[in-house]
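Some notes on the structure that comes next.
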Amino acid sequence: MPFSLLLRGWTGAAERASGDLMRTIAVINRTGGCGKTTTTVSVAAALGESGRRVLILDLDPQGSASAWLGNGPTDRHELFDAFLGTRPLADLAEQTRARGVDIVPASSWLVTAERTLQVDLALGTIAALEHLPTSWDVVIVDCPPTLGYLASAALCGCREALLPVQPHGLDASGVQPVLEEMARIRQKLNPRLVLTGIVVGRVSRTNHARDVMAWLKATRGGDVFGPTIRNSIRVPEAAMAGLPVTAFAPDAAVAGDIRAVAAELIRRDPDRKTRAPVQGGRELGWRRTAVSRLGLQH
Numbered sequence: 016m017p018f019s020l021l022l023r024g025w026t027g028a029a030e031r032a033s034g035d036l037m038r039t040i041a042v043i044n045r046t047g048g049c050g051k052t053t054t055t056v057s058v059a060a061a062l063g064e065s066g067r068r069v070l071i072l073d074l075d076p077q078g079s080a081s082a083w084l085g086n087g088p089t090d091r092h093e094l095f096d097a098f099l100g101t102r103p104l105a106d107l108a109e110q111t112r113a114r115g116v117d118i119v120p121a122s123s124w125l126v127t128a129e130r131t132l133q134v135d136l137a138l139g140t141i142a143a144l145e146h147l148p149t150s151w152d153v154v155i156v157d158c159p160p161t162l163g164y165l166a167s168a169a170l171c172g173c174r175e176a177l178l179p180v181q182p183h184g185l186d187a188s189g190v191q192p193v194l195e196e197m198a199r200i201r202q203k204l205n206p207r208l209v210l211t212g213i214v215v216g217r218v219s220r221t222n223h224a225r226d227v228m229a230w231l232k233a234t235r236g237g238d239v240f241g242p243t244i245r246n247s248i249r250v251p252e253a254a255m256a257g258l259p260v261t262a263f264a265p266d267a268a269v270a271g272d273i274r275a276v277a278a279e280l281i282r283r284d285p286d287r288k289t290r291a292p293v294q295g296g297r298e299l300g301w302r303r304t305a306v307s308r309l310g311l312q313h
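For the sequence shown, this note's numbering begins at 16 and goes up steadily by one.
Take a look at the structure:
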């Protein structure tokens with residue numbers, strides 16, 4: 016759904032309080048099959064492995080992250096209720112098979128809700144993210160493979176965006192539309208939104224992959240993560256087993272790739288200097304400060 020349509024129902028600007036915030040990251044790409052869910056699940060598990068508390072919010076109606084780590088997407092309307100403001104989003108969090116990681120599973124209601132509620136759903140998503148308690152250090156939103164109301168709402172409600180791509184010409188060409196969408200949201204609704212980086216996954220030893228990697232680094236420079244995630248059979252095997260790669264095959268080379276990406280994600284934290292200091296081997300107290308409500312009307 017075009018961002019311009021979203022703006023027809025929204026006025027005002029998003030203001031976020033600076034300081035010691037709970038980290039919120041939207042994993043977004045407008046195309047399917049780019050490794051978005053693999054990045055979400057794998058990075059969340061690696062962060063949990065490091066001692067952080069992570070919540071995955073599965074906003075993809077396909078529910079791949081929910082099927083991977085949880086009991087799959089549901090047909091219940093609790094998530095729908097959370098976006099309407101009648102139920103706290105945190106109440107829907109479930110433990111996963113990954114240490115330190117919880118998930119709010121996707122719901123089949125998201126398809127109908129996005130089509131019919133539109134702006135109301137977007138505003139509800141923003142409010143639900145804003146009112147999450149400080150039970151987690153990091154919230155990672157697995158966005159649907161579109162730039163519709165749900166994806167735009169996730170960008171409005173999150174501080175950061177992480178863009179996964181494959182080293183394929185068609186995937187790489189999809190980077191610019193996402194960046195343009197982010198620019199519009201940053202200008203009108205969420206001035207604190209930043210691109211944390213571009214993560215290249217499913218990397219193979221082909222000339223085409225090398226050419227695309229070189230093109231990405233030449234055009235996006237420091238936005239591209241140094242570590243990449245190689246193409247490995249361990250990833251689909253881990254998904255079939257219902258475990259993150261770092262737990263299913265902890266010594267595999269691809270597990271090392273994932274941990275390296277997670278480590279760079281930690282280093283790229285835009286608010287790292289304002290977080291609580293490391294205590295007892297982990298960072299504590301990524302607390303949300305008072306956050307002003309979005310001045311949006313429809």
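All C-beta atoms, glycine included, are put in the ideal place defined by N, C-alpha and C.
Between the beta-carbon of Leu280 and that of Thr221 there is about 26 angstroms, and that puts the pair past the 8 angstroms contact cut. A residue is called buried once 16 or more other Cβ atoms fall within 10 Å of its Cβ, and Met197 is buried on that count.
Comparing alpha-carbon positions, the option among Arg102, Gly78 and Asp152 lying closest to Cys158 turns out to be Gly78.
Boundaries for Val239: no alpha helix (DSSP H) harbours it, and the DSSP string shows neither H nor E there. Here the C-alpha atom of Ala80 lies approximately 30 angstroms from the C-alpha atom of Lys203. Take Arg112, set aside five residues on each side of it, and the residues of its chain with a beta-carbon closer than 7 angstroms to its own are Leu84, Gly257 and Leu258, in chain order.
Between the C-alpha atoms of Thr289 and Met37 there is a straight-line separation of about 11 angstroms. A straight-line Cα-Cα distance of about 11 angstroms links Arg249 and Arg217.
In this chain, the alpha helix (DSSP H) harbouring Ile273 covers Ala268 to Arg282.
Partner residues in the beta bridge of Gln110, as assigned by DSSP, are Asp117.
Listed in chain order, the alpha helix (DSSP H) runs fully inside the segment 176-255 are 184-188, 190-203 and 222-235, counting runs of at least 4 residues. Ranked by how close their Cα comes to the Cα of Leu74, the residues Gly66, Glu64, Pro88 and Ser65 have Pro88 in first place.
Here Arg38 carries a strand assignment [DSSP, helix/strand/coil]. Look at the beta carbons and you see the segment 95-105 not touching the segment 174-193: under three pairs across the two are nearer than 8 angstroms. The shortest CA-to-CA distance from Gly163 to any of Asp284, Asp286, Thr39 and Asn44 is the one to Asn44.
The beta-bridge partner set that DSSP reports for Ile155 consists of Ile40 and Ile71. In the structure shown, Thr53 falls within a helical segment according to DSSP collapsed to helix, strand and coil. A direct Cα-to-Cα measurement between Ala233 and Leu136 gives close to 38 angstroms. Judged by DSSP secondary structure, Ser150 falls outside any alpha helix (DSSP H); it is assigned neither H nor E.
The residue from Asp286, Ser167 and Pro242 with its alpha-carbon nearest to that of Val58 is Pro242. For Asp96, the enclosing alpha helix (DSSP H) has its first and last residue at Glu93 to Leu99. Across the structure, Phe95 and Ser167 are spaced so that their CA atoms are roughly 17 angstroms apart. Each of Asp117, Trp124, Thr261 and Ile244 was checked against the Cα of Val154, and the nearest Cα belongs to Asp117. For Asn205, the closest C-alpha among the options Leu178, Cys173 and His183 is that of Cys173. Judged by their CB atoms, Ala264 and Ala253 are nearer to each other than the 8 angstroms cut-off.
Note that the C-beta distance between Leu194 and Arg201 is not below 8 angstroms.
Taking a C-beta distance under 8 angstroms as the contact criterion, Leu170 and Ala41 qualify as a contact pair.
Pro285 has its alpha-carbon roughly 20 angstroms from the corresponding atom of Gly63.
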